[in-house]
Structures are given as structure tokens and as C-alpha cells.
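Report on one structure; see the data block that follows.
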Amino acid sequence: MALPPKPPTANFHIDTQLLARVNEARFKLAVDREAEDSAESQYKGSKRFAVYGSLGPGCPNHSKISHLQGRWYHNSYVTGELLQQGWGADIGYPGLQWSLDGPSHPVQVLESPLLNDKEWCLLDRFEGAGYVRILAPIVTAEESIVANIYVVARASGA
1 MALPPKPPTA
11 NFHIDTQLLA
21 RVNEARFKLA
31 VDREAEDSAE
41 SQYKGSKRFA
51 VYGSLGPGCP
61 NHSKISHLQG
71 RWYHNSYVTG
81 ELLQQGWGAD
91 IGYPGLQWSL
101 DGPSHPVQVL
111 ESPLLNDKEW
121 CLLDRFEGAG
131 YVRILAPIVT
141 AEESIVANIY
151 VVARASGA
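For the sequence shown, the residue numbers in the UniProt record's numbering are 1 to 158.
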């Protein structure tokens, strides 16, 4: 899949400190309500899900989200390192360790009004303890957005 060019950062300001607060709490299996509310107000990420592994269209576990009607952003990417970690790596889908300045990796993003707390709980349970759902900047062919994405819970040696 050809990746879209990275847009100039001036076109989309991401409050990386805010995302770091949200994600730090999530890695601790906690919630920073103030940060979550602020991020939702700015980015509307709760209705976006970036997939890069077995949940993607045409992949073995897509049935877990196929009932969620919405818009798909194809030809999108996230940055970070792909690691041979997590249960997905055992079936050919490495886990992501997100980083702002890492290499680009293709993702597809589902934007759906049906992504709600119940659906996120089901997805969190499906992914299991080896993964954490974070908010990350995603570059689509049309725009830059913030979406939920599952990353490895901890990198080996970290």
C-alpha cells in the first residue's frame, strides 16, 4: 500500500503533552478524566479506530468490528516500531510500539458513531493484557486525525 506523504506539521497541531497524559494513564490501566475529556473535545478520537493487524478488512478477526458501520480511511499511516510481540505476532501481525518520530506503517481507520464504551470494552477484552489502547496521530490521504489504536503493552526489555 502506498503511503500518503506526510503533511507539513503546521497544518495540524497535535497537543502531544495531552496525548501523553491520556496514554500514560491508559498504560497504568487508569483514566485521567480531565485529559480524556480535553482530548475528546479537540480530536473526537473516541469514534475512530486505527487498525493495522488482524482486525482490518479482509483479515481473520475483522468480524469483531464488521458490524460497526461507518467511514473507512484507507491509505493512512501511523508512526512507530513494529515488534514481534503480542499474540498477533504469532499469527503474522506484529505489535506496534508507537512513537511520534518512528517510521511510518500503513493503517486503516474506521470512523463510526457506533464506537461506544461497550464496543471499546469488548475490543479491549479481545485484545487482552498484551495490548493497550492509546490515542495516536494518524495521517490519512485527506487529513491528519487522532484515533484509538492498540499497541503492545510493554516492549521486551522496557
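Glycine included, each C-beta is placed from N, C-alpha and C at the ideal position.
On a predicted model such as this, the values are computed, not experimentally measured, just so you know.
Within 10 angstroms of the beta-carbon of Arg-26 lie 16 or more other beta-carbons, which makes it buried.
Comparing alpha carbon positions, the residue from Leu-122, Ala-153 and Leu-135 closest to Ala-129 is Ala-153.
Ser-41 counts as exposed, since fewer than 16 other beta carbons sit within 10 angstroms of its beta carbon. Annotated as proximal: Ile-149 and Ala-136, with beta-carbon spacing under 8 Å. Residue range 117–127 is occupied by the alpha helix (DSSP H) that includes Leu-122, with no beta strand (DSSP E) assigned at that position. When secondary structure is reduced to three states using DSSP, Ala-50 falls in the strand class.
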